[in-house]
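**Student:** The structure follows.
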Amino acid sequence: MRFTTADRLRAWLDRLARGSDLVAPRDVDGHVLYRPVASGDEVLLDYQRPELSAKEYLFPATEVLLRIEQKGKDVALEEVLPNRRQVIFGIRPCDAHGLAAINALFLHQDPPDRYYQHHRERTVLVGMACTRMWEGCFCTSMGGGPADPTHLDVLVRLGTEGGFFLQPVTPKGVGVLEGLEITEPRGEPLPVEEYSEPVPVMGTTKWRALFEEQRLWMRHGERCLSCRICTYVCPTCRCFDVTDRVVDVRPGATRIERIRAWDACTSPNYRRVAGGHNPRPTNWERLRNRFMCKFCYYPEDFGPLGCVGCGRCIVSCPVDIDITEVMQDVAHR
-15 MRFTTADRLR AWLDRLARGS DLVAPRDVDG HVLYRPVASG DEVLLDYQRP ELSAKEYLFP
45 ATEVLLRIEQ KGKDVALEEV LPNRRQVIFG IRPCDAHGLA AINALFLHQD PPDRYYQHHR
105 ERTVLVGMAC TRMWEGCFCT SMGGGPADPT HLDVLVRLGT EGGFFLQPVT PKGVGVLEGL
165 EITEPRGEPL PVEEYSEPVP VMGTTKWRAL FEEQRLWMRH GERCLSCRIC TYVCPTCRCF
225 DVTDRVVDVR PGATRIERIR AWDACTSPNY RRVAGGHNPR PTNWERLRNR FMCKFCYYPE
285 DFGPLGCVGC GRCIVSCPVD IDITEVMQDV AHR
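Under my numbering, the final residue of the sequence shown carries the number 317; numbering is consecutive throughout.
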């Protein structure tokens, strides 16, 4: 465990920003968001849970995969793989846990996803422990915790007498801390606030048994607007679509970009097929699929649960659909 002051921490962040892309929590018009920063002075060091997860910096919302140029009968392909390294500072443990869940699909399959793997290998995760419970949080029920270092390279904790304690977790973490000016520790890491009652997490067999319980799913899902905000704020959702976009047409030459963009299983168009048929035509059926994916399909296929208990979907939903209420309902049936 190492200790440093706020000024020295910001100076270290300045150095990181000069040598790599630095992403950190910032105040953007009153909203706390993970955003690129150019200096340590822009970084929030005591902040609430960011409103969006950090997954977009490894799995971008929109990403160019290929550039294709056709000239006559000749076709040239250019793979887009940026070489810049990045450090995500201040990522909350739940968001690092979410990236670990995505790893199960994008990294631990054969073959791995080339683009996600490229970003992940060039990223260092420097986490900031939570000291209090944010609205909707239930991370301890999902196998994580407010000061869980498991999926991080470095864990940072606020000190009881000011300053910051830094715990390197991986060789990457040891390397990124080189150049950090440390000093004699003052106080101890701030204790973690007690969390609320645990949320029951049922096994996949229970979820499958309730698939046909239409009244259960209609009660929770009929008010769903299919707005997709739950997907976009979620640190584990990873569905995507791939499209080709024509960017330039000239006599004898055409340039195209192949783009990957996030998709959402709650979208009415997600499962629509040629001819207009939709096997999930209603909002409640799409919401049921979302929960089945998180607690049944994904863990059966890849291992981890598809939820880390960050609580963002609870806070963001415009019609107050609460994932923990659904989990309680399933547990009591």
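By construction, the Cβ of each residue, glycine as well, lies at the ideal position given by its N, Cα and C atoms.
In this text the structure is predicted, and so the values were computed from the model without any measurement.
Report yes or no: do the region 251 to 267 and the region 279 to 297 share at least 3 C-beta pairs separated by less than 8 angstroms?
**Tutor:** No, the region 251 to 267 is not in contact with the region 279 to 297.
**Student:** Check whether the Cβ atoms of V16 and E35 sit closer than 8 angstroms, and answer yes or no.
**Tutor:** Going by C-beta atoms, V16 is nearer than 8 angstroms to E35.
**Student:** Can you tell me the Cα-Cα spacing of F279 and L142, whole angstroms?
**Tutor:** Taking the straight line joining both Cα atoms gives about 34 angstroms.
**Student:** In or out: H103 buried (at least 16 other Cβ within 10 Å) or exposed?
**Tutor:** Buried, because 16 or more other Cβ atoms sit within 10 Å of the Cβ of H103.
**Student:** On the DSSP letters alone, give me the boundaries of the alpha helix (DSSP H) that Q198 sits inside.
**Tutor:** Counting along the chain, the alpha helix (DSSP H) containing Q198 begins and ends at Q198 to G205.
**Student:** What does the alpha-carbon distance come out to for the pair R2 and E40?
**Tutor:** So the alpha carbons of these two residues sit roughly 22 angstroms apart.
**Student:** By Cβ distance below 7 angstroms, which residues in the same chain neighbour L46 in space, the five residues on each side in sequence not counted?
**Tutor:** Residue identity differs from the one stated: residue 46 is Thr in this sequence, not Leu. So the qualifying residues of the chain are I243 and A245.
**Student:** Please determine, among L271, A258, D228 and V257, the residue with the shortest C-alpha to C-alpha distance to C249.
**Tutor:** It is L271.
**Student:** Can you give the Cα-Cα distance for P44 and L6, rounded to whole angstroms?
**Tutor:** Each residue's Cα considered, the two are about 16 angstroms apart.
**Student:** What do you reckon, are the CB atoms on G290 and T189 nearer than 8 angstroms?
**Tutor:** No, these two residues do not count as a Cβ contact at 8 angstroms.
**Student:** Helix, strand or coil: how does DSSP classify A248 here?
**Tutor:** A248: coil per DSSP, three-state reduction.
**Student:** Would you kindly check if the distance between the Cβ of S4 and the Cβ of C218 is under 8 angstroms?
**Tutor:** No, these two residues do not count as a Cβ contact at 8 angstroms.
**Student:** Can you tell me where the beta strand (DSSP E) holding A(-12) begins and where it ends?
**Tutor:** The sequence shown places Thr at residue -12, rather than the Ala named in the question. Unbroken beta strand (DSSP E) run through T(-12): R(-14) to T(-12).
**Student:** Please give me, in chain order, every unbroken run of the beta strand (DSSP E) with length at least 3 that falls completely inside the region 212 to 243.
**Tutor:** Listed in chain order, the complete beta strand (DSSP E) runs (minimum 3 residues) inside the region 212 to 243 are 224 to 234.
**Student:** Determine the direct distance from the alpha carbon of T124 to that of G293, and round the result to whole angstroms.
**Tutor:** Going from the Cα of G293 to the Cα of T124 covers about 8 angstroms.
**Student:** Going by DSSP, which residues form a beta bridge with E63?
**Tutor:** Looking at the DSSP assignment, E63 forms a beta bridge with L50.
**Student:** Go through its chain and collect everything with a Cβ distance to P96's Cβ below 7 angstroms, but skip five positions before and after it.
**Tutor:** So the list reads F90, once near-sequence residues are dropped.
**Student:** Given a threshold of 16 other Cβ atoms within 10 Å of its Cβ, counted over all protein chains shown, does Q312 qualify as buried or as exposed?
**Tutor:** Under this definition Q312 is an exposed residue.
**Student:** When you compare the CB positions of F(-13) and P169, do they come within less than 8 angstroms of one another, or not?
**Tutor:** Against a cut-off of 8 angstroms, the Cβ pair of P169 and F(-13) comes out as a contact.
**Student:** Examine the Cβ distances between the region 160 to 168 and the region 231 to 242 and report whether three or more of them are shorter than 8 angstroms.
**Tutor:** Touching, no, given that fewer than three Cβ pairs across the two stretches are closer than 8 angstroms.
**Student:** Any contact between the region 223 to 231 and the region 298 to 306? By contact I mean 3 or more CB pairs, one from each, below 8 angstroms.
**Tutor:** The region 223 to 231, when compared against the region 298 to 306, does not touch it at the 8 angstroms Cβ threshold.
**Student:** Please report the Cβ distance between I86 and I240, rounded to the nearest whole angstrom; I am assuming they are in contact, meaning their Cβ atoms lie under 8 angstroms.
**Tutor:** The pair is not a contact, with the Cβ atoms about 28 angstroms apart (cut-off 8 angstroms).
**Student:** Can you check DSSP and say which residues form a bridge with H15?
**Tutor:** According to DSSP, H15 bridges with V12.
**Student:** Take the Cβ of M(-15) as the centre, count every other Cβ of all protein chains shown within 10 Å, and call the residue buried at 16 or more, exposed below.
**Tutor:** So M(-15) counts as exposed.
**Student:** Does DSSP classify M186 as helix, strand or coil?
**Tutor:** M186: coil per DSSP, three-state reduction.
**Student:** Mind checking which residues open and close the beta strand (DSSP E) that includes P152?
**Tutor:** Its beta strand (DSSP E) spans residues F148 to P152.
**Student:** Leaving out the 5 sequence neighbours to the left and right, which residues in its chain are closer than 7 angstroms to L61 when beta-carbon positions are compared?
**Tutor:** Excluding positions up to five away in sequence, the list reads L50 and I52.
**Student:** Quick one: grab the DSSP three-state call for Q70.
**Tutor:** Note: Q70 maps to strand in three-state DSSP.
**Student:** Which of helix, strand or coil does DSSP assign to G159?
**Tutor:** Residue state, collapsed to three classes: helix.
**Student:** Would DSSP call G3 helix, strand or coil?
**Tutor:** In the structure shown, G3 sits in a helix (DSSP, three-state: H, G or I).
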